[in-house]
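Okay, structure first, notes after.
Protein chains: 2
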Amino acid sequence: MELSSGLIVVKIGGAAGIDLEPLCDDVAAFVGEGRLLVLVHGGSHETDVIAERLGKPPRHVTSVSGHQSRYTDRETLEIFAMVVAGRINKSLVERLQRRGVRALGLSGVDGRLLEGKRKSSLKIVEDGKVKVLRDEWSGIVERVNVPLFRMLLDQGYVPVVAPLAISSAGEMVNVDGDRAAAAIAAALGADILVLLTNVPGLLRAFPDESTLIPRIPRAEIEGYSPYAQGRMKRKLLGVQEALNGGVRRAILADGRADSPIRQALAGRGTVVE
Amino acid sequence: MELSSGLIVVKIGGAAGIDLEPLCDDVAAFVGEGRLLVLVHGGSHETDVIAERLGKPPRHVTSVSGHQSRYTDRETLEIFAMVVAGRINKSLVERLQRRGVRALGLSGVDGRLLEGKRKSSLKIVEDGKVKVLRDEWSGIVERVNVPLFRMLLDQGYVPVVAPLAISSAGEMVNVDGDRAAAAIAAALGADILVLLTNVPGLLRAFPDESTLIPRIPRAEIEGYSPYAQGRMKRKLLGVQEALNGGVRRAILADGRADSPIRQALAGRGTVVE
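Residue numbers (the numbering used here), protein chains in the order written: chain A, 15 to 287; chain B, 15 to 287.
See the structure below:
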């Protein structure tokens, strides 16, 4: 099921401070060179902004495993879907179309592009106590619709994927964009996974950018997890999942750079292989 | 470029009062019988609700040609895109997936599914005077990406289309869902176009539902336009455009019915052929 080699999966950050214009220039340049690309995006920051404006402020929690999460009740899921699949996805597609890129936006629910199990409750730590939150609508990608991706790539489309998935029962769920990108990269047999963020890569002493860790040998990745702060924990998990799934190289790189994808591929950032 | 015959294009209303559950049951039953379907939806009502909640109340205007329109400045366009491509589209796709339908949601910007010219200003009549509104982001569908539709239908997907289009310059624009459905039906060589709304069809004396006009011979459609009130004017225009484009039959029918598509195909509503 390998696609023609050279496929790159790029996750664009959902955090504040990422300028989409240079990123879209970069995508257009790559596509112009005949490279195969799949883009995955986030949307956490904009979802928070819109949710706040709609009178449904976000509730950020820390799971018992230490990951930062968003508590996604049904109303939050619907706002999340609206923002990621409507606002961010179409804004990216429009920018890419302006540059002549045959961008095609989908979310994981469309054609069951991304299937996953729904996690209907969340175990969190709050004020030092373990609590259980019900009515949770998140999940983890377990299966990727490879034929659908292949069909689109074969026809010259650049898939732009919003981080939603669908359960076997047909429930829409919110998924982590980094790990979704990792699952897609592994399933499609991608060469490279690039996770763009708003720091230069994994930092030994966050937030000091001069402490960037430039290389991590694949076998030693576990030893670096103590350096991962906040959302970086999940990115590192994504890197690990992609490499375990057969992806040759994963790069944590700076989405704020001028040519973020090109610089990542040139080795700027934290390269794991 | 004709698809296998029997294709039905159904436009689902964007007005209040439409229950999506029976509609989705109906879609699932049709797809289960092996019928080919394309769904197009609106979103005017929900866009108004969300825009209001976001502090950007909608501005409804009457064009010089007498059609009711939404003034779509850039901010309104972005809210419209968010609501139609994110909220309504994914909600429909999720409901259909729950019923085992291989629904795949797209907007007209995705893969240039629907191309159209941007109308960047709007001539309206207000207080009896003609005014020009700039910064308008709407358009009319001029070209349909038939190979993309065909590829999806061939693979057993049911396309669910949000009413956006893309200009040749790559600008996203808001389009009328009824006329978009008509353009799609004509381009794909559909047999039948069903426009569901929140009335039983074209009424001789709106809103008296007992005055339903059951049949209109194609050649006489112009003579019936005086009966069309409000949004019905544009639906009748869509019917005309579809028939001129080669669609055999167009039906204006009640989206509030129990089996709205089945009842429409059985001849309930206003049938034009």
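Glycine is no exception: its CB is placed at the ideal position from the N, C-alpha and C atoms.
First and last residue of the alpha helix (DSSP H) that includes residue i?
i: residue 185 (chain A); result: Note, residue 185 (chain A): premise wrong, no alpha helix (DSSP H); not H, not E.
i: residue 105 (chain A); result: 103 to 112
i: residue 97 (chain B); result: From DSSP, residue 97 (chain B) is part of no alpha helix (DSSP H); its letter is neither H nor E.
i: residue 132 (chain A); result: No alpha helix (DSSP H) holds residue 132 (chain A); the beta strand (DSSP E) holding it covers 128 to 133.
i: residue 198 (chain A); result: 191 to 202
i: residue 236 (chain B); result: 235 to 238
What first and last residue would you give for the beta strand (DSSP E) that runs through residue i?
i: residue 265 (chain B); result: 263 to 268
i: residue 117 (chain B); result: 117 to 121
i: residue 61 (chain B); result: Per DSSP, residue 61 (chain B) belongs to no beta strand (DSSP E); it is in the alpha helix (DSSP H), 58 to 67.
i: residue 277 (chain A); result: Run containing residue 277 (chain A): none in the beta strand (DSSP E); it sits in the alpha helix (DSSP H), 274 to 279.
i: residue 156 (chain B); result: 152 to 158
i: residue 22 (chain A); result: 22 to 26
i: residue 206 (chain B); result: 206 to 211
i: residue 70 (chain B); result: Per DSSP, residue 70 (chain B) belongs to no beta strand (DSSP E) and is neither H nor E.
i: residue 147 (chain A); result: 143 to 147
i: residue 232 (chain A); result: Here residue 232 (chain A) belongs to no beta strand (DSSP E), and DSSP marks it neither H nor E.
i: residue 84 (chain B); result: 82 to 84
Tell me which same chain residues have a C-beta within less than 6 Å of the C-beta of residue i, skipping the five on either side of it?
i: residue 268 (chain B); result: 214
i: residue 15 (chain A); result: Here the model assigns residue 15 (chain A) a pLDDT of 39, short of 50, so the residue's position is not dependable, and the following value carries that caveat. Result list for residue 15 (chain A): 160, in chain order.
i: residue 23 (chain B); result: 52, 195, 198, 199, 204 and 207
i: residue 371 (chain A); result: Nothing about residue 371 (chain A) can be read from this structure; chain A reaches only from 15 to 287.
i: residue 259 (chain B); result: 200
i: residue 167 (chain B); result: 50
i: residue 25 (chain A); result: 54, 191, 192, 195 and 209
Can you pull the DSSP bridge partners for residue i?
i: residue 169 (chain B); result: Per DSSP, none; premise fails for residue 169 (chain B).
i: residue 77 (chain A); result: A:138
i: residue 248 (chain A); result: Note: residue 248 (chain A) sits in no beta bridge, so no partner.
i: residue 43 (chain A); result: DSSP lists no partner for residue 43 (chain A).
i: residue 284 (chain A); result: A:266
i: residue 179 (chain B); result: B:187
i: residue 52 (chain B); result: B:23
Using a beta-carbon distance below 8 Å, is residue i in contact with chain D?
i: residue 132 (chain A); result: Absence of chain D from the displayed structure is noted, the protein chains being A and B.
If you check the beta carbons only, do residue i and residue j fall under 8 Å apart?
i: residue 264 (chain B); j: residue 209 (chain B); result: yes
i: residue 64 (chain B); j: residue 98 (chain B); result: no
i: residue 188 (chain A); j: residue 120 (chain A); result: no
i: residue 180 (chain B); j: residue 111 (chain A); result: yes
i: residue 72 (chain B); j: residue 62 (chain B); result: yes
i: residue 174 (chain B); j: residue 59 (chain B); result: no
i: residue 201 (chain B); j: residue 100 (chain A); result: no
i: residue 239 (chain B); j: residue 257 (chain B); result: no
i: residue 103 (chain B); j: residue 176 (chain B); result: yes
i: residue 108 (chain B); j: residue 186 (chain A); result: yes
i: residue 27 (chain B); j: residue 284 (chain B); result: no
i: residue 118 (chain A); j: residue 124 (chain B); result: yes
i: residue 232 (chain A); j: residue 286 (chain A); result: yes
i: residue 276 (chain A); j: residue 33 (chain A); result: no
i: residue 230 (chain A); j: residue 254 (chain A); result: no
i: residue 70 (chain A); j: residue 89 (chain A); result: yes
i: residue 282 (chain A); j: residue 68 (chain B); result: no
i: residue 38 (chain B); j: residue 113 (chain B); result: yes
Closer than 8 Å by C-beta to residue i: which residues in its own chain qualify, once you throw out the five before and the five after it? Chain order, please.
i: residue 36 (chain A); result: 271, 272, 273 and 274
i: residue 288 (chain B); result: Residue coverage of chain B in this structure runs from 15 to 287, which leaves residue 288 (chain B) outside it and unanswerable.
i: residue 225 (chain B); result: 217, 218 and 219
i: residue 223 (chain B); result: 213, 214 and 217
i: residue 140 (chain A); result: 75 and 76
i: residue 227 (chain B); result: 215, 216, 217, 218, 238, 241 and 284
i: residue 262 (chain A); result: 205, 206 and 287
i: residue 183 (chain B); result: 132
Output needed for residue i: all residues of its chain with C-beta closer than 7 Å, excluding positions within five of it in sequence on either side, in chain order.
i: residue 116 (chain B); result: 170, 171 and 172
i: residue 243 (chain A); result: 220
i: residue 49 (chain B); result: 20 and 22
i: residue 248 (chain B); result: 81, 190, 192 and 193
i: residue 9 (chain B); result: Beyond the ends of chain B as shown, which are 15 and 287, falls residue 9 (chain B); an answer cannot be given.
i: residue 137 (chain A); result: 77, 78, 144 and 146
i: residue 157 (chain B); result: 129
i: residue 288 (chain B); result: Nothing about residue 288 (chain B) can be reported from this structure: the residues present for chain B run from 15 to 287 only.
Measuring only from the beta carbon, is residue i closer than 7 Å to any heavy atom that is part of the ligand GTP?
i: residue 283 (chain A); result: The model depicted lacks the ligand GTP and carries no ligand whatsoever.
Near-chain B residues of the stretch 182 to 214 of chain A (beta-carbon distance less than 9 Å), N- to C-terminal order: 183, 184, 185 and 186
Scan the stretch 249 to 277 of chain A for residues whose Cβ lies nearer than 8 Å to a Cβ of chain B and list them as they occur along the chain. none
Residues in the stretch 23 to 51 of chain A having any Cβ partner in chain B nearer than 8 Å: none
Cβ-based contacts, 8 Å cut-off: residues of the stretch 72 to 99 of chain B near chain A: 92, 95, 96, 97, 98 and 99
Between the stretch 124 to 151 of chain A and chain B, which residues of the former have a C-beta closer than 9 Å to a C-beta of the latter? 124, 125, 126 and 127
The stretch 228 to 246 of chain B: which residues have C-beta closer than 9 Å to a C-beta of chain A, in chain order? none
Residues of the stretch 106 to 120 of chain A with Cβ closer than 7 Å to any Cβ of chain B, in chain order: 107, 108, 111, 112, 116, 118 and 119
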